[in-house]
Each structure stands twice: as C-alpha cells, then as structure tokens.
Amino acid sequence: MLQRSWPAGNTTPRDRGARRTSSPLGWNHTNTTRYTYVSEVASYPIHPPHEWLHVHCLGILMTTTSDTPPISARRAATQARLADAAVAVFARKGVPGSTVEEICEEAGFTRGAFYSNFTSKDDLCTTVLRRYAEKNLATLGSSLDFPNDGHEALRDRIHGIIALFASTVGSDPLTAMAILEITIEAARNPRLRQAYRQVGDAITPALCHMVEQALREHAATATIAVSDLVEVTQAVFDFRVLAAMASGRQADIDRMTNQLTMMVLTFVHPM
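If you read the sequence shown in the UniProt record's numbering, its first letter stands for residue 1, the second for the next number, and so on.
Shown next as structure tokens:
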C-alpha cells in the first residue's frame with residue numbers, strides 16, 4: 001500500500017509510482033504509452049482534483065508523453081467512428097451476431113480501415129468499454145466543480161450523485177444495450193473479462209468516494225459498507241433500465257432517481 005496522499009503538484013507518472021502495463025483499458029487516445037498504479041493510494045484530500053478521480057478510479061495513468069509518436073487526429077476520428085458504429089450494431093444484433101463487415105458498413109469504412117486500427121472484434125469491444133468508462137468518469141468528475149458551502153441537505157446531495165450517475169447510463173439506451181451485450185459476451189469470452197472488470201473498477205470507486213465525502217460533510221454514516229451500498233444501488237438501477245428496455249418502454253430516470261435516493265437514505269443515519 002502506498003502510504004502517502006495524492007500529490008498536489010505536477011509530477012511525472014514515475015514520480016507517482018506508475019509503471020508500464022499491458023492493461024487493455026490503458027491506451028491513451030493520442031499515444032501508445034500506458035501506465036498503471038503499482039498500489040492504491042492510502043489517503044486522499046477531502047476535495048481531490050479531477051486528476052485524482054480519473055487516475056485513481058480508472059487505475060491507469062494516461063500520460064501525454066511517450067517514446068512513440070502520437071496517432072493522428074484522423075486516425076483517432078476513425079477509431080471513434082468505428083467504436084460508435086459498434087455500439088449501434090451490438091445494440092441491434094449482439095456481439096456474437098455482429099460482423100466486422102457490418103460494423104464497417106455502419107461506420108462507412110472498409111475492412112482495411114478496421115484492421116488498420118483494431119486487431120479483432122474483441123479489441124474493438126475493449127475500446128467501447130474504455131470509452132464508456134472514460135465518459136462516466138468525466139461526468140462524475142464534473143461534480144467536483146460544484147460549490148459546497150455546507151448548507152446543502154444530505155438528501156439533495158445523494159440525489160445529485162445518483163442523478164449524475166443515471167445521466168451517464170440511463171440517458172443513452174443504445175449504449176446501455178451495447179454495454180449489456182458486451183457484458184454477456186465477457187461472461188463467455190475470457191479475453192474480454194479484464195476489460196469489463198476495469199469498467200467496474202473505474203466507476204464504483206468514484207461513486208463510493210462521492211458518497212463517503214457527502215456523508216462526512218453532513219456528519220452522517222451508513223449502516224452498511226458504502227461500497228456495498230453503491231454496488232446494490234448500481235445493480236438495482238441497471239436492472240430497472242434493462243427491464244424497461246425489455247418491455248419496450250422508456251426508463252423513467254427521474255422516478256428511478258427519486259426511488260433510489262430514498263433507498264440509499266434508509267441506510268444512512270446521523271453520527
């Protein structure tokens with residue numbers, strides 16, 4: 001365990017105890033150098049910077065420096081279009097039922113463009129998962145910009161955290177369906193399991209930190225472990241979204257957010 005707080009100043013990846021890794025979620029958008037933390041940070045500030053949330057929760061340090069040249073903007077755009085096309089095709093046909101040709105057709109590219117950017121469909125699935133995790137972290141990280149004057153009610157604070165999470169998942173049924181299909185494929189395909197686990201390893205700690213900070217600042221505590229409370233809340237939300245999609249209905253995100261807020265508060269009491 002790394003026995004120090006997250007550094008406040010600008011330091012290099014190696015200063016922060018990072019090392020190179022083959023982690024599938026570690027690719028930077030613009031280069032091929034990737035880093036991961038050797039161990040967890042033992043403690044962190046009450047109000048951590050955006051960098052702490054991204055690096056600590058994702059478990060990977062994406063550095064902007066590299067021994068290899070960055071990819072071009074054109075290639076990055078091609079990868080993004082192929083990933084977006086994969087989301088659409090996976091949502092319609094599932095991962096096993098989707099072909100590289102169909103994904104290329106959806107994106108308006110040839111097979112050559114696909115294999116110039118991805119080694120396989122599994123590689124593309126990993127990219128979709130990485131983009132999903134990064135989008136969630138970016139949205140959750142935006143909450144650090146909210147002023148906190150100590151007068152906000154705990155209920156409103158918890159409601160805001162759940163609403164923030166819901167905005168990244170429930171507001172995009174197509175992506176939710178595609179991630180579900182990749183989840184099912186990861187259960188069958190060992191090559192995708194590490195990438196899938198890292199999505200949870202990215203998002204859940206971020207939510208836990210936000211809830212813990214809210215409880216601390218409002219002099220409250222949870223009757224069960226915060227990590228358990230967050231995981232149960234995520235599971236209920238995911239199931240409700242899936243059930244709505246399976247019945248052909250649009251998930252009522254506002255109603256679900258209110259219900260989950262009340263559920264969480266039943267496990268919270270003043271210190």
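Cβ atoms here follow ideal geometry from the backbone N, Cα and C, with glycine treated the same way.
- Please report the Cβ distance between H209 and L154, rounded to the nearest whole angstrom; I am assuming they are in contact, meaning their Cβ atoms lie under 8 angstroms. Start at 1 with the first residue of the sequence shown, and residue 209 comes out as number 209. Start at 1 with the first residue of the sequence shown, and residue 154 comes out as number 154. Contact flag wrong, Cβ pair sits at about 16 angstroms.
- Starting from the C-beta of P173, find all residues in its chain whose C-beta is less than 7 angstroms away, skip the five residues before and the five after it, and write them out in chain order. In the sequence shown, counting from the first residue as 1, residue 173 sits at position 173. For P173, where only same-chain residues beyond five positions count, the Cβ hits under 7 angstroms are M245.
- Item | Q250 classed as buried or exposed, judged by whether at least 16 other C-beta atoms fall within 10 angstroms | In the sequence shown, residue 250 corresponds to position 250, counting from 1. It counts as exposed.
- Going by the CB atoms, is the gap between A176 and T257 shorter than 8 angstroms? Position 257 of the sequence shown, counted from the start, is the residue given in the question as residue 257. Position 176 of the sequence shown, counted from the start, is the residue given in the question as residue 176. Not closer than 8 angstroms, so no.
- Leaving out five residues on either side along the sequence, give the residues of the same chain with a beta carbon under 6 angstroms from the beta carbon of L124. Position 124 of the sequence shown holds residue 124. Once the five neighbours on either side are set aside, the close Cβ partners of L124 are A86 and F118.
- Residue range of the beta strand (DSSP E) that includes residue 280: The first residue shown for the chain is 1 and the last is 271, placing residue 280 beyond what the model contains.
- Own chain residues within Cβ distance below 6 angstroms of R157, not counting five before or after: Within the sequence shown, the letter at position 157 stands for residue 157. A214, listed in sequence order.
- Query: Looking at C-beta atoms only, is the number of pairs between the stretch 75–86 and the stretch 125–132 that lie closer than 8 angstroms three or more?
  - Reply: yes
- Task: Would you kindly check if the distance between the Cβ of V95 and the Cβ of I182 is under 8 angstroms?
- Result: On the sequence shown, residue 182 is found 182 positions in, with the first residue counted as 1. On the sequence shown, residue 95 is found 95 positions in, with the first residue counted as 1. For I182 and V95, yes; Cβs fall inside 8 angstroms.
- Query: Under 8 angstroms between the Cβ atoms of V199 and L229?
  - Reply: Against the sequence shown, residue 199 aligns to sequence position 199. Against the sequence shown, residue 229 aligns to sequence position 229. Not in contact: V199 and L229 (Cβ atoms no closer than 8 angstroms).
- Would you kindly report the start and end of the unbroken beta strand (DSSP E) that includes T221? Walking along the sequence shown from the start, residue 221 turns up at place 221. Taken as a continuous stretch (DSSP letters only), the beta strand (DSSP E) holding T221 covers A220 to A222.
- Whole-angstrom distance between A166 and P147, CA atom to CA atom: The sequence position of residue 147 within the sequence shown is 147, counting from 1. The sequence position of residue 166 within the sequence shown is 166, counting from 1. Interpretation of P147 is limited by its pLDDT of 48, a score under 50 that renders its predicted location unreliable; no figure is taken from the coordinates.
- Please state whether DSSP places P96 in a helix, a strand or coil. Within the sequence shown, numbered from 1, the residue matching residue 96 stands at position 96. DSSP places P96 in coil when its eight states are reduced to three.
- Query: Mind checking whether V226 and V211 have CB atoms under 8 angstroms apart?
  - Reply: Counted from its first residue, the sequence shown places residue 226 at position 226. Counted from its first residue, the sequence shown places residue 211 at position 211. Contact flag set, yes.
- Going along the chain, which residues of its own chain have a beta-carbon closer than 6 angstroms to the beta-carbon of R240, five neighbours each way excluded? Indexing the sequence shown from 1 puts residue 240 at position 240. These residues qualify, in order along the chain: M256.
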